[in-house]
Amino acid sequence: MNSAFKNKQILLSGSPGAPILSLQTVLVENFDNNVALIKLDKPITHGKMGHQIDSAVGSLLGSVDHFLIDARSQLHATKDPIWEVPLSEWDQDDGVYSARQSVLGQVKSFLQYRIKAAPRGPSDCLANPFTIHIIGYASIFGEPPDSVLSKLKYDVLRFHQDASVHFLNLEREGSEPSASRIVELLRETAPRQASNLITLSRLPSSIDAKKPRVKIALSFDFDALSAFIGTGDHPDNNLSDYSTGTFSGRVGGRRLLHMLKKHQVADKVTWFIPGHTMETFESTVKEIVASGAEIGLHGYAHEGAYQMTPAQERDVLVKCMEVTQRLTGKRVRGYRAPMYQLRETTIDLLREFEFLYDSSLSHHDSQPYFTPSDPPFKRIDYSQPASTWMEPAQVAEMDAWPAGHPLVEIPTGWHNEDMMAMQYFPHVANSQGFVDVRVVEQRWKDIFMYLWENSTDDKEGGSFIFPLLMHPDTSGMAHVIGMTDRFVGWLRGWGDSVEFHTFSSIARGYLDEQKKV
Numbered sequence: 001m002n003s004a005f006k007n008k009q010i011l012l013s014g015s016p017g018a019p020i021l022s023l024q025t026v027l028v029e030n031f032d033n034n035v036a037l038i039k040l041d042k043p044i045t046h047g048k049m050g051h052q053i054d055s056a057v058g059s060l061l062g063s064v065d066h067f068l069i070d071a072r073s074q075l076h077a078t079k080d081p082i083w084e085v086p087l088s089e090w091d092q093d094d095g096v097y098s099a100r101q102s103v104l105g106q107v108k109s110f111l112q113y114r115i116k117a118a119p120r121g122p123s124d125c126l127a128n129p130f131t132i133h134i135i136g137y138a139s140i141f142g143e144p145p146d147s148v149l150s151k152l153k154y155d156v157l158r159f160h161q162d163a164s165v166h167f168l169n170l171e172r173e174g175s176e177p178s179a180s181r182i183v184e185l186l187r188e189t190a191p192r193q194a195s196n197l198i199t200l201s202r203l204p205s206s207i208d209a210k211k212p213r214v215k216i217a218l219s220f221d222f223d224a225l226s227a228f229i230g231t232g233d234h235p236d237n238n239l240s241d242y243s244t245g246t247f248s249g250r251v252g253g254r255r256l257l258h259m260l261k262k263h264q265v266a267d268k269v270t271w272f273i274p275g276h277t278m279e280t281f282e283s284t285v286k287e288i289v290a291s292g293a294e295i296g297l298h299g300y301a302h303e304g305a306y307q308m309t310p311a312q313e314r315d316v317l318v319k320c321m322e323v324t325q326r327l328t329g330k331r332v333r334g335y336r337a338p339m340y341q342l343r344e345t346t347i348d349l350l351r352e353f354e355f356l357y358d359s360s361l362s363h364h365d366s367q368p369y370f371t372p373s374d375p376p377f378k379r380i381d382y383s384q385p386a387s388t389w390m391e392p393a394q395v396a397e398m399d400a401w402p403a404g405h406p407l408v409e410i411p412t413g414w415h416n417e418d419m420m421a422m423q424y425f426p427h428v429a430n431s432q433g434f435v436d437v438r439v440v441e442q443r444w445k446d447i448f449m450y451l452w453e454n455s456t457d458d459k460e461g462g463s464f465i466f467p468l469l470m471h472p473d474t475s476g477m478a479h480v481i482g483m484t485d486r487f488v489g490w491l492r493g494w495g496d497s498v499e500f501h502t503f504s505s506i507a508r509g510y511l512d513e514q515k516k517v
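Just so we're aligned: the sequence shown equals residues 1 to 517 in the UniProt record's numbering.
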């Protein structure tokens, strides 16, 4: 007899009724299983669902071999005939979206339970593998199961290499199968992949072959009031605008620092702080310095390079170096241009003062490189003949060791940050501020997942850096910091595949590698 369902710890969830009770009876009486049953009423909040799953898993002493999700109730065909179903019922909570939400909500709560006892992430959870079985009708999820369900095949493997997810499509049975028949079909997944199962448990061999090593380059631009003085200056700026800068200096910065300490990465991040912020909110900056974080320059009053003369730019850089030296007791090694407004004179100054790195450009999005000495970009003069501008641009080398001071570039970009999407500036062009935090969170995850699945180039060693920029002004706000907290935890959940690094650490590592070439 197949022992896949013999003497196992089984978690069974579904809507109250005869079908799920019949399943429980078969599993207990025929196979001597210990079954914890969760009856999920509809509608149900995710919080209540999570509480019920936590209690049920706890009753099994935290050990679950199989998690069976009975999603049959999501299909109208299994309930009343269509002429007896009120149209309003179709519009409320049934359908593809509801089915996905219900099933994924249960899976999420189950996996969250396993993580709670694992401070270092999924790989630190429980040693035993587990199987998640989703029982239902493919048409209600989409045929084949939608991309979100498919993503589970990647996520559960982070808990155990033999963890798996299966979708049992009952539509192929022709009629509503009995509980015994369903269990029989589920048991067939152990020795072989049954024909009526859509198996989601194996990764493509190209991904299995190699795991990237990821350096998380998490940084914070602590603009505060300076955001409204330099690049954000506007004649209509008022006390309400400046008040948001004060919030950043007194509240937002400390909230983010607390979050970083919670995740034990406060000393593995870099803060780019304008001199104005250092001197105006000195007590907050001292707390950041005491955390062990690296401090980089970010102008004095968030001035854009193109707003200043070369002489003014030099004076600002020297002043900020002095302020940073006084507060940190260390020579500053890194720089990020306010609003990424870097020009040729800026690069020359950074090389002159032998900075280790800059983080203002995006010639690459996930690999460090040598800051190139590109000549000024030639704009079109339409008063001249077309032949005067129809020529290629001169793009400098960025991979070879430079003749002068080796300034490393650590990329950044508008899509790897929080402010433009989630901070509203009434008098700044292209300010949005009302993008849902979940949209930004998913964008960051999409970036990470693409790099994770595709960074296999031999030259890059299958590894990459993941730059992420936050602002106390933005991510310090109450409706945003929950997401940033969650996302940092998500990154840590990748276990030993990811490491948080200061920008200086990344730059030094890059230089060491280039010396070997």
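Where is the CB? At the ideal position from N, CA and C, for every residue including glycine.
Alpha-carbon spacing of residue i relative to residue j, whole angstroms
i: T199; j: V64; result: Bear in mind that the predicted position of T199 carries a pLDDT of just 35, short of 50, making it unreliable; the figure below should be weighed with that in mind. Their backbone Cα atoms lie some 20 Å apart in a straight line.
i: K48; j: I229; result: 48 Å
i: residue 520; j: N416; result: The chain is shown from 1 up to 517; residue 520 falls before or after that span and cannot be answered.
i: R255; j: K515; result: 40 Å
i: I288; j: K268; result: 12 Å
i: Q264; j: V498; result: 14 Å
i: L12; j: P129; result: 17 Å
i: L342; j: E279; result: 24 Å
i: F167; j: I134; result: 5 Å
i: residue 524; j: Q52; result: No statement about residue 524 is possible, as the shown extent of the chain runs from 1 to 517 and does not include it.
i: K286; j: L239; result: 26 Å
i: T45; j: D54; result: 14 Å
i: S219; j: V480; result: 16 Å
i: F466; j: L317; result: 27 Å
i: F483; j: Q423; result: It should be noted that the sequence gives Met, not Phe, for residue 483. When rounded, the distance between both Cα atoms is 14 Å.
i: M339; j: L61; result: 53 Å
i: S463; j: Y510; result: 12 Å
i: P375; j: R314; result: 20 Å
Residue environment, residue i, which counts as buried when at least 16 other CB atoms sit within 10 Å
i: H501; result: buried
i: M259; result: buried
i: A179; result: buried
i: F377; result: exposed
i: P235; result: exposed
i: T371; result: buried
i: K215; result: buried
i: E294; result: buried
i: R114; result: buried
i: L37; result: buried
i: P19; result: buried
i: P426; result: exposed
i: W444; result: buried
i: W401; result: exposed
i: A209; result: Caution applies to A209, whose pLDDT of 43 falls short of 50 and renders its modelled position unreliable; the model cannot decide the point.
i: V440; result: buried
i: Q442; result: exposed
i: D409; result: Note on identity: in this sequence residue 409 is Glu, with Asp being the wrong assignment. Classification of E409: buried, given that the 10 Å Cβ count is 16 or more.
DSSP-derived helix/strand/coil call for residue i
i: M470; result: strand
i: I315; result: Contrary to the premise, residue 315 reads as Asp rather than Ile in this sequence. Residue state, collapsed to three classes: helix.
i: H133; result: strand
i: A194; result: Any reading at A194 needs caution, since the residue's pLDDT is 33, under 50, leaving its predicted position unreliable; the model's value is listed next. Of the three classes helix, strand and coil, the one that applies to A194 here is coil, per DSSP.
i: K6; result: coil
i: K516; result: helix
i: D221; result: strand
i: V64; result: coil
i: L349; result: helix
i: V428; result: coil
i: G493; result: coil
i: G482; result: helix
i: K151; result: helix
i: H166; result: strand
i: V408; result: strand
i: F487; result: helix
i: E391; result: coil
i: L157; result: coil
i: D70; result: strand
i: E287; result: helix
i: G334; result: strand
i: D374; result: coil
Taking contact to mean at least 3 C-beta pairs separated by less than 8 Å, is the region 378-389 in contact with the region 432-439?
Too few Cβ pairs lie closer than 8 Å, so no.
Please confirm if the region 325-333 is in contact with the region 300-309, defined as three or more CB-CB distances below 8 Å between the two stretches.
No: fewer than three Cβ pairs fall under 8 Å.
Check whether the region 386-400 touches the region 439-455, counting contact only when three or more Cβ pairs, one atom from each stretch, lie closer than 8 Å.
These segments do not touch.
Could you check whether the region 313-325 touches the region 480-498, counting it as contact only if at least three pairs of C-beta atoms, one from each stretch, sit closer than 8 Å?
No, they do not touch.
Along the chain, which unbroken stretches of the alpha helix (DSSP H) at least 4 residues long are found entirely within the region 8-58?
List check, alpha helix (DSSP H) in window: 18-31.
Identify every run of the beta strand (DSSP E) within the region 241-278, keeping only runs that are complete inside it and at least 3 residues long; order them along the chain.
Counting whole runs of 3 or more residues, the region 241-278 contains the beta strand (DSSP E) stretches 270-273.
May I ask you to verify whether the region 220-228 touches the region 241-251, counting CB pairs closer than 8 Å and requiring at least 3?
Counting Cβ pairs under 8 Å, three or more are found: they touch.
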